[in-house]
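Numbering (full-length UniProt numbering), first residue to last: 1 to 200. Below is one structure, written out as structure tokens; comments come after it.
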């Protein structure tokens with residue numbers, strides 16, 4: 001008990017001595033208040049269950065394989081989608097080419113039909129024009145023949161009229177010439193008769 005009391009008194013003296021008290025500079029000053037920070041995300045929180053932990057190489061490889069499988073699936077899906085788009089585009093182009101070829105064939109067939117129809121129309125019109133020309137030529141020949149005949153008949157009638165007129169004129173002239181001669185002959189005969197009567 002005496003030893004323990006001595007040690008306790010000695011410890012109290014040492015603790016209460018001025019040299020044992022800490023200096024003002026040794027007293028820690030309180031740190032300035034830290035600025036407010038954004039709340040940590042769940043994966044940054046120390047207590048989060050999703051915080052990354054150290055893993056073994058086998059676990060890392062398994063994790064990489066697990067992460068790579070969705071990426072490969074997405075790449076495969078993207079590749080299949082691209083191939084599907086390319087296939088649809090090729091089918092659309094093939095259909096358009098088929099439609100173009102069909103339209104081209106239809107246009108060529110229509111062109112040949114229209115050309116043949118136009119050729120037939122032209123040939124028909126040429127034949128009709130030739131027939132009309134022959135009819136016109138024949139009618140012209142007939143008209144000329146009729147005109148020549150009419151002209152000949154008119155000339156014949158005119159010549160007959162002129163001949164008849166000339167005959168009548170000549171007859172009248174002869175009659176007019178014969179009248180004075182008859183008159184003169186009668187006067188001579190009368191004079192001869194009177195002369196003969198005087199002689200008796």
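Ideal placement from N, C-alpha and C gives every residue a C-beta, glycine not left out. Computed from a predicted model, the values in this text were never measured in an experiment.
Using a 10 Å radius around the Cβ and a threshold of 16 neighbouring Cβ atoms, would you call residue 47 buried or exposed?
On the chain shown, residue 47 is found 47 positions in, with the first residue counted as 1. Reliability of the predicted coordinates at residue 47 is poor, the pLDDT of 48 falling under 50, and the value obtained from them is presented with this limitation in mind. By the neighbour-count rule (16 or more Cβ atoms within 10 Å), residue 47 is not buried but exposed.
To the nearest angstrom, how far is it from the Cα of residue 129 to the Cα of residue 150?
Locating residue 129 in the chain shown gives position 129, counting from the first residue. Locating residue 150 in the chain shown gives position 150, counting from the first residue. Residue 129 and residue 150: Cα-Cα distance of roughly 31 Å.
Spatial distance of residue 176 from residue 148 (CA atoms)
Position 176 of the chain shown holds residue 176. Position 148 of the chain shown holds residue 148. Taking the straight line from one Cα to the other gives about 41 Å.
Residues in the same chain with beta-carbon distance under 6 Å from residue 137, minus the five sequence neighbours each way, listed in chain order, please.
In the chain shown, counting from the first residue as 1, residue 137 sits at position 137. Correct list: empty, nothing qualifies.
Once the 5 residues before and after residue 45 are set aside, which same chain residues still bring their CB inside 7 Å of it?
To locate residue 45, count along the chain shown from 1; it is residue 45. With a pLDDT of 48 at residue 45, under the threshold of 50, the modelled position of that residue is not reliable, and no figure is offered here.
Cutoff 8 Å; reference residue 169; Cβ partners in own chain excluding five residues on either side:
Numbered from its first residue, the chain shown carries residue 169 at position 169. Around residue 169: no qualifying Cβ.
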